[in-house]
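*Asks:* Can you read through this structure? Questions will come right after.
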Amino acid sequence: MHHVNLTAAADAKFQERLAKASGQDVKQCYQCGKCTAGCPIAYAMDEPPNRIMRMLQLGLKDEVLDSKAIWLCSTCATCTTRCPKNIDVAGVMDSLRVMAKQEGRTRALRSIDLFNDIFLGSVRKYGRVHEFGVGMGHNLRMGKLLKDVDIGTGLMTKGRMKLFPSKIKGQGEIARIFNEVYKLEEAE
Amino acid sequence: MPRIGVFVCWCGSNIGGVIDCPKLATDAVNLPGVVYSTEYKYMCSEPGQNSIIQAIRDHRLDRVVVASCSPRLHEETFRKTLARAGLNPYLLEMANIREHCTWVHNKEPEKAQAKSLALVSRAVAKANLLEPLFPSSIPMTKRCLVIGGGIAGIQTALDVADAGHEVILVEREPTIGGNMVKLDKTFPTLDCSACISTPKMVAVSTHPNITLYTYSEVAGVDGYIGNFEVTIRCKVSYVDHTKCTGCGDCQAKCPTKVSNEFNLGLDTRKAIYIPFPQAVPNKPVIDAANCRYFTTGKCKICQKICAAGAIDYEQQETIITEKVGAIVVATGYQLFDWAAAYGEYGYGRFPDVVTGMHFERLVNAAGPTGGKILRPSDQTEPKTVVFVKCVGSRDPAKGKEYCSRACCMYTAKHAHQVLEKVPGAKVYIFYIDVRTPGKAYEEFYQRTISDGAVYVRGRVSKIYQLGDKLVVRGSDTLLGRPVEVEADMVVLASAMVSSGGIEDVARMVSVQVDKDGWLQEAHPKLRPVETHTGGVFLAGTCQGPKDIPDTVAQASAAASKVSGLLFREELATDPMISTVNQAICTGCGLCVPVCPYQAVELKTITERIPGHAPRERTVASVNSGLCQGCGACNVACRPGAIQVKGFSNDELVAEVDAICL
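Chains as they are written, first to last, in this note's numbering: chain B, -1 to 186; chain F, 2 to 662.
Put into structure tokens, the structure is as follows:
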């Protein structure tokens, strides 16, 4: 394991951007580990939440943005609720995903990034999620056509999942919300 | 025949939950000399004590055995009970059936029952032989000696002097002030160390009740509590301080420059010097080892320049004796010699690897750089500074096992100062744990983090020079990866160790030195400033590492103990001390060297035997002021002439017989 050169690896600009985007001061983290202890996803993460926080304190941008952990985070906010220093850890994770997405660094967990895209696409198009379309779209793009077909069949026969999408009223408002967000992103 | 009463205590369930106390009381009645026996839930309580008093009166008891906890806890309590009942308090014997029995044998109650009875039998056997004892009194000299003129000694001296007692303050350096005057700012409030300590130094020098001996050392201590005789050796300064006006001309003209120990060698001073501008006394001394006149026989520039005619190359060492009633040791600390122990940090070869004390001088406006943080090698401002904590502390392999207590906070302060004074500076602090138990300490540490100091949890394993950088290799155990930092300067928080010469001071005042080289207090919690030698007290870091607030608190505590002592006209002495039966003492003198308190000496007595001419004979004699009743002399005495009152040979043999026969 090679030595991490703290003087060279620390990315001060990244730390500043994150502080601005999340509104959180990660320096304040005690490294007590309470976030990790309560995280329902930590078992599946490559780096547990407290170590993500530690990497952020040291400014290790690449390690954090290329981690799977930031994509696995379900934003349940147990960490945020329990943090003794009132750090919004889930909010930090959210900001990290945005930054990773902006930089196109989504290879760590492509399926989740893809799901996010398809999900939002469905909302934009219909004003609500068309589950069948999202599922099929994800399966097609991931090349796993028959994934979760058994569950899908059950849901459809019980009438819990519709074959065809339905649109909501107020399509115009949905479009405006999306346009506003795009404008904000461009302004950044 | 004595009339002994046995009182068995349940101590709630501590004793009563393991053994059958009523049965123990019943069994005890059959022991020789016992006329009454009873038990009670809490014998030490008010009703418990009253029942003892009542029984003494009702049953005309003249000896009391209490079977309960350790005598360390309640012997005094029950002695007072006896006194209230009109009995001599030393006619009490305790059987420890709690710590020595039920606590350790709580899984085997039957065996505990038998052992309890054995312990009570022992106590009863001894009680049969107990004699009434009476404390005597010794006079009190109402003066105090304080050894060491750092902040602890200064505070003690001022408090005792303010209480109205005379104080003799002895300091071996040319000025008082100790380590504290070298510091820049003090955590957590960041007040300037000199601004808060130099007024106290002046107060010492001007206080009518304080006699100050600087550049002097305590050479010997004789006597005992209330009546010490102290020998003080005043070193030769070659400057007559009664004539010297402290103008400083000699210092300015002296041609010899030598490394300045006050600034830890970061700059130079002259051979005739005042350690620092606010020194007390503000008068110079000549460092004869480096003085041109003393080394070559030529120069005398200082003598020529001195308008007051104060320079005296013929000056001789003087010896002074002072009588005092109490002694406070406040000899302070020095920093661990890290360079000798830590090869991995460069053995002191890299000029920019310095200690926290060097940093204090570098950041101090009165220091060699005028308060600019400049690294020693090239006098440039370091942009990346690494602090390494626990260098010599918490390292049983290379240094000391203990925590030096002040380093976490002063390192946080140093980090704060770097970030404040050096624009764009980066600070990394390698630590094992961060310990901030003090008022507003944790807040200060958090503030340093907010300032931007990066704390890295891990010990530095190596420091090496690479170009003009120092590469610091450590591990971030929270990250789980080895890390390195390219630093411009490294500051080591080296351990506090006791001052050089502490063993000599300890021997003179008969105080134990603990395994780490600190002076041993009488009890870590309940007698923190007292020692096992009566009249000798401890203040400050000579007792163990501590920061300034704790040092000052302990110094005031020692002062209040001293004042309380000096307010007395005379002292009652513990009667449980050695006594010599001169009739059978052979005068062999074996007891003299074994006494750790120098309490036994030989004296000549004149014996008159009817029909013979008076005959002179040498016998041992115990100084009741010095004797602490340890019993070492008793063991050494072959004819059994010297014995400890309350622990006579007959009593001890009776106890052993009661248990073993």
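We put the beta carbon where it would ideally sit given N, CA and C, even for glycine.
Return the CA-CA distance between B/SER164 and B/VAL147, expressed in angstroms with no decimal places.
*Replies:* The sequence position of residue 164 of chain B within the first sequence is 166, counting from 1. The sequence position of residue 147 of chain B within the first sequence is 149, counting from 1. Rounded to the nearest angstrom, the two C-alpha atoms are 21 angstroms apart.
*Asks:* How long is the line joining the alpha carbons of F/LYS254 and F/GLY626, rounded to whole angstroms?
*Replies:* For the purposes of this step, residue 254 of chain F is taken as residue 253 along the second sequence, with counting starting at 1. For the purposes of this step, residue 626 of chain F is taken as residue 625 along the second sequence, with counting starting at 1. When rounded, the distance between both Cα atoms is 54 angstroms.
*Asks:* Whether or not the stretch 164 to 180 of chain F and the stretch 125 to 132 of chain F are in contact is what I'm after, with contact meaning three or more pairs of Cβ atoms, one per stretch, closer than 8 angstroms; do they touch?
*Replies:* Short answer: they don't touch.
*Asks:* Give the residues of chain B in contact with F/ILE233, contact being defined as C-beta atoms less than 9 angstroms apart.
*Replies:* Here residue 233 of chain F refers to the residue found at position 232 of the second sequence. Simply none; closest approach about 53 angstroms.
*Asks:* Below 8 angstroms, can you find three or more Cβ-Cβ pairs linking the stretch 150 to 165 of chain F to the stretch 185 to 193 of chain F?
*Replies:* Too few Cβ pairs lie closer than 8 angstroms, so no.
*Asks:* With C-beta atoms as the reference, is F/SER579 less than 8 angstroms away from F/CYS628?
*Replies:* If you number the second sequence from 1, residue 579 of chain F lands on position 578. If you number the second sequence from 1, residue 628 of chain F lands on position 627. It is a contact, given that the beta carbons lie within the stated cut-off.
*Asks:* For the alpha helix (DSSP H) containing F/LEU294, list its first residue and its last residue.
*Replies:* Sequence index remark: in the second sequence, residue 294 of chain F carries index 293 (1-based). Looking at the sequence provided, one finds Tyr at residue 294 of chain F rather than Leu. Counting along the chain, the alpha helix (DSSP H) containing F/TYR294 begins and ends at 293 to 297.
*Asks:* Could you name the residues that DSSP lists as bridge partners for F/PRO483?
*Replies:* Against the second sequence, residue 483 of chain F aligns to sequence position 482. DSSP, once it has assigned bridges, lists F/SER476 as partnering F/PRO483.
*Asks:* Given a limit of 8 angstroms on CB to CB distance, which residues of the stretch 431 to 462 of chain F reach chain B?
*Replies:* Those residues of the stretch 431 to 462 of chain F that come within reach of chain B (Cβ to Cβ, closer than 8 angstroms) are GLN447, ILE450, SER451, GLY453, VAL455, VAL457, ARG458.
*Asks:* Using 8 angstroms for Cβ pairs, my map puts F/ASN15 next to F/ARG99. What's the rounded Cβ distance?
*Replies:* Walking along the second sequence from the start, residue 15 of chain F turns up at place 14. Walking along the second sequence from the start, residue 99 of chain F turns up at place 98. So it is a contact: roughly 6 angstroms between Cβ atoms.
*Asks:* For B/THR151, which three-state DSSP category applies?
*Replies:* Walking along the first sequence from the start, residue 151 of chain B turns up at place 153. Looking at B/THR151 - three-state DSSP - the assignment turns out to be helix.
*Asks:* For the structure I just gave you, are there three or more beta carbon pairs, one from the stretch 351 to 370 of chain F and one from the stretch 403 to 421 of chain F, closer than 8 angstroms?
*Replies:* Touching, yes.
*Asks:* My output table needs one value for B/CYS74: the three-state DSSP class, helix, strand or coil.
*Replies:* Here residue 74 of chain B corresponds to residue number 76 of the first sequence, with the count starting at 1. Residue state, collapsed to three classes: coil.
*Asks:* Quick check on F/ALA290: buried or exposed, where buried means 16 or more other Cβ atoms within 10 Å of its Cβ?
*Replies:* Reading the second sequence from its first residue, position 289 is the one you call residue 290 of chain F. The residue is exposed, with fewer than 16 neighbouring Cβ atoms inside 10 Å.
*Asks:* Using a Cβ-Cβ cut-off of 8 angstroms, state whether B/HIS1 counts as contacting chain F.
*Replies:* Residue mapping note: residue 1 of chain B aligns to position 3 of the first sequence, counting from 1. Yes, its Cβ sits closer than 8 angstroms to a Cβ of chain F.
*Asks:* Mind checking which residues open and close the alpha helix (DSSP H) that includes F/ALA633?
*Replies:* For this step, residue 633 of chain F is matched to residue 632 along the second sequence. 633 to 637 is the span of the alpha helix (DSSP H), which, as asked, contains F/ALA633.
*Asks:* Does any residue of chain F bring its CB to less than 8 angstroms from the CB of B/THR73?
*Replies:* Mapped onto the first sequence, residue 73 of chain B falls at position 75. Judged by the 8 angstroms Cβ criterion, B/THR73 is not in contact with chain F.
*Asks:* Which ranges does the beta strand (DSSP E) cover as unbroken runs of at least 3 residues, wholly within the stretch 517 to 592 of chain F, from first to last along the chain?
*Replies:* Listed in chain order, they are 537 to 539, 571 to 573, 579 to 581.
*Asks:* Is it buried or exposed, F/GLU262, if we count other Cβ atoms within 10 angstroms and call 16 or more buried?
*Replies:* To locate residue 262 of chain F, count along the second sequence from 1; it is residue 261. Exposed is the call here.
*Asks:* Who does F/GLU608 pair with in a DSSP beta bridge?
*Replies:* The residue labelled residue 608 of chain F in the question sits at position 607 within the second sequence. Looking at the DSSP assignment, F/GLU608 forms a beta bridge with F/ARG616.
*Asks:* At 3 residues or longer, and completely inside the stretch 172 to 229 of chain F: list those beta strand (DSSP E) runs for me, N to C.
*Replies:* For the stretch 172 to 229 of chain F, whole beta strand (DSSP E) runs of length 3 or above, ordered along the chain, are 211 to 214, 217 to 225.
*Asks:* Find the residues of chain F that neighbour B/ARG52, judging by a C-beta separation of less than 7 angstroms, and give them in chain order.
*Replies:* To locate residue 52 of chain B, count along the first sequence from 1; it is residue 54. What B/ARG52 touches in chain F: LEU479, LEU480.
*Asks:* When you check each C-beta in the stretch 115 to 145 of chain B against every C-beta of chain F, which residues fall closer than 7 angstroms?
*Replies:* Correct list: empty, as no residue qualifies.
*Asks:* Do the CB positions of F/ILE464 and F/VAL473 come within less than 8 angstroms of each other?
*Replies:* In the second sequence, counting from the first residue as 1, residue 464 of chain F sits at position 463. In the second sequence, counting from the first residue as 1, residue 473 of chain F sits at position 472. Yes; because the gap between Cβ atoms is below 8 angstroms, this pair is in contact.
*Asks:* Using DSSP with H/G/I as helix, E/B as strand and the rest coil, what is F/VAL654?
*Replies:* Stepping through the second sequence from its first residue, residue 654 of chain F is reached at position 653. Of the three classes helix, strand and coil, the one that applies to F/VAL654 here is helix, per DSSP.
*Asks:* In angstroms with no decimal places, state the Cα-to-Cα distance between B/GLU184 and F/VAL484.
*Replies:* Translated into the one-based positions of the first sequence, residue 184 of chain B becomes position 186. Translated into the one-based positions of the second sequence, residue 484 of chain F becomes position 483. B/GLU184 and F/VAL484: Cα-Cα distance of roughly 38 angstroms.
*Asks:* Please identify the residue among B/GLN55, B/SER65, B/GLY31, B/GLN29 whose C-alpha is closest to the C-alpha of B/MET43.
*Replies:* Along the first sequence, read from residue 1 onward, the residue named residue 43 of chain B stands at position 45. Measuring from the Cα of B/MET43, the nearest candidate turns out to be B/SER65.
*Asks:* What are the partner residues of F/PRO140, as DSSP defines its beta bridges?
*Replies:* In the second sequence, counting from the first residue as 1, residue 140 of chain F sits at position 139. In the DSSP output, where bridge partners are listed per residue, F/PRO140 has F/GLU571.
*Asks:* Is F/SER579 near the ligand NAD, in the sense that its beta carbon is under 7 angstroms from a heavy atom of that ligand?
*Replies:* Inclusion of the ligand NAD in the displayed structure is not the case, the ligand content being empty and no account of it being possible.
*Asks:* Would you kindly work out how many angstroms separate the C-alpha atoms of F/GLN335 and F/TYR442, rounded to a whole number?
*Replies:* Along the second sequence, read from residue 1 onward, the residue named residue 335 of chain F stands at position 334. Along the second sequence, read from residue 1 onward, the residue named residue 442 of chain F stands at position 441. Taking the straight line from one Cα to the other gives about 23 angstroms.
*Asks:* Look at the alpha carbon of F/CYS70 and the alpha carbon of F/CYS10, and state the distance between them as a whole number of angstroms.
*Replies:* In the second sequence, counting from the first residue as 1, residue 70 of chain F sits at position 69. In the second sequence, counting from the first residue as 1, residue 10 of chain F sits at position 9. Spanning the two alpha carbons is a distance of roughly 8 angstroms.
*Asks:* What does F/PRO483 reach in chain B if we use C-beta pairs closer than 8 angstroms?
*Replies:* Walking along the second sequence from the start, residue 483 of chain F turns up at place 482. Under the 8 angstroms cutoff, chain B gives MET(-1), HIS0, HIS1, VAL2.
*Asks:* Under DSSP, the alpha helix (DSSP H) around F/SER46 begins and ends at which residues?
*Replies:* Within the second sequence, the letter at position 45 stands for residue 46 of chain F. Careful: F/SER46 lies outside any alpha helix (DSSP H) and carries neither H nor E.
*Asks:* Examine chain F for any beta-carbon lying closer than 8 angstroms to the beta-carbon of B/LYS25, and answer yes or no.
*Replies:* On the first sequence, residue 25 of chain B is found 27 positions in, with the first residue counted as 1. True, the Cβ-Cβ gap to chain F drops below 8 angstroms.
*Asks:* Using the beta-carbon count (16 or more within 10 Å), is B/GLU178 buried or exposed?
*Replies:* What you label residue 178 of chain B is simply residue 180 of the first sequence in a count that begins at 1. The residue in question, B/GLU178, is exposed, as its Cβ has fewer than 16 Cβ neighbours within 10 Å.
*Asks:* Report yes if the C-beta distance between F/ARG4 and F/HIS60 is below 8 angstroms; otherwise report no.
*Replies:* Residue 4 of chain F sits at position 3 when you count from the first residue of the second sequence. Residue 60 of chain F sits at position 59 when you count from the first residue of the second sequence. Yes, Cβ-Cβ distance for F/ARG4 and F/HIS60 is below 8 angstroms.
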